[in-house]
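In the numbering used here, the protein residues as written are 149 to 244.
(1) Work out the CA separation of residue 227 and residue 191 for me, nearest whole Å.
(2) By Cβ distance, which residues of its chain are closer than 6 Å to residue 153, with the 5 residues on each side in sequence left out?
(3) Since residue 234 is in the alpha helix (DSSP H), which residue starts that stretch and which ends it?
(4) Between the alpha carbons of residue 157 and residue 201, how many angstroms are there, rounded?
(5) So who's on the other strand from residue 204, going by DSSP bridges?
(6) Could you check what DSSP says for residue 222 in three-state terms: helix, strand or coil?
(7) Please look up how many angstroms separate the CB atoms of residue 196 and residue 209, rounded, as I've assumed it's under 8 Å.
(8) Which word fits residue 170, buried or exposed, when buried means at least 16 other C-beta atoms lie within 10 angstroms of its C-beta?
(9) At the level of alpha carbons, what is the spacing between residue 207 and residue 230?
(10) Hey, could you find the ends of the beta strand (DSSP E) residue 174 is sitting in?
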């Protein structure tokens, strides 16, 4: 394990604020879970150690999953029940 729950939680807050600042609510983060040898959706079929931040989505009464690499500490994607959105970072360090 290269990262801690606390470090991933801090990174998740930044990512979520960058992705949607108008709707970010820290209280919607329900848990942070470490997974060894997790098969991720992006890049498809790759098996790595991950951190998954679980986010309550109260508007649609569902959960979203923000998936981070334990190797780099960077996010791969955010997954809802209907879609997966890859996350990228620009030269200013902001996520989109």
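Note that the Cβ used here is the ideal one computed from N, Cα and C, for glycine as well.
If we stick to the structure as given:
(1) What you label residue 191 is simply residue 43 of the chain shown in a count that begins at 1. What you label residue 227 is simply residue 79 of the chain shown in a count that begins at 1. Their backbone Cα atoms lie some 13 Å apart in a straight line.
(2) As a working mapping, residue 153 is identified with position 5 in the chain shown. If we look at residue 153 and ignore the five residues flanking it on each side, its Cβ neighbours are 180.
(3) Along the chain shown, one-based indexing puts residue 234 at 86. Unbroken run through residue 234 is the beta strand (DSSP E), 232-234; no alpha helix (DSSP H).
(4) Within the chain shown, numbered from 1, the residue matching residue 157 stands at position 9. Within the chain shown, numbered from 1, the residue matching residue 201 stands at position 53. Approximately 7 Å, taken between the alpha carbons.
(5) The count along the chain shown starts at 1 and reaches residue 204 at position 56. DSSP lists 211 as partners of residue 204.
(6) As a first step, residue 222 is located in the chain shown; it is residue number 74 there, counting from the start. Residue state, collapsed to three classes: coil.
(7) Translated into the one-based positions of the chain shown, residue 196 becomes position 48. Translated into the one-based positions of the chain shown, residue 209 becomes position 61. Rounded, the Cβ-Cβ distance is 31 Å, inconsistent with contact.
(8) Position 22 of the chain shown holds residue 170. Result: exposed.
(9) Position 59 of the chain shown holds residue 207. Position 82 of the chain shown holds residue 230. Taking the straight line joining both Cα atoms gives about 14 Å.
(10) On the chain shown, residue 174 is found 26 positions in, with the first residue counted as 1. Per DSSP, residue 174 belongs to no beta strand (DSSP E) and is neither H nor E.
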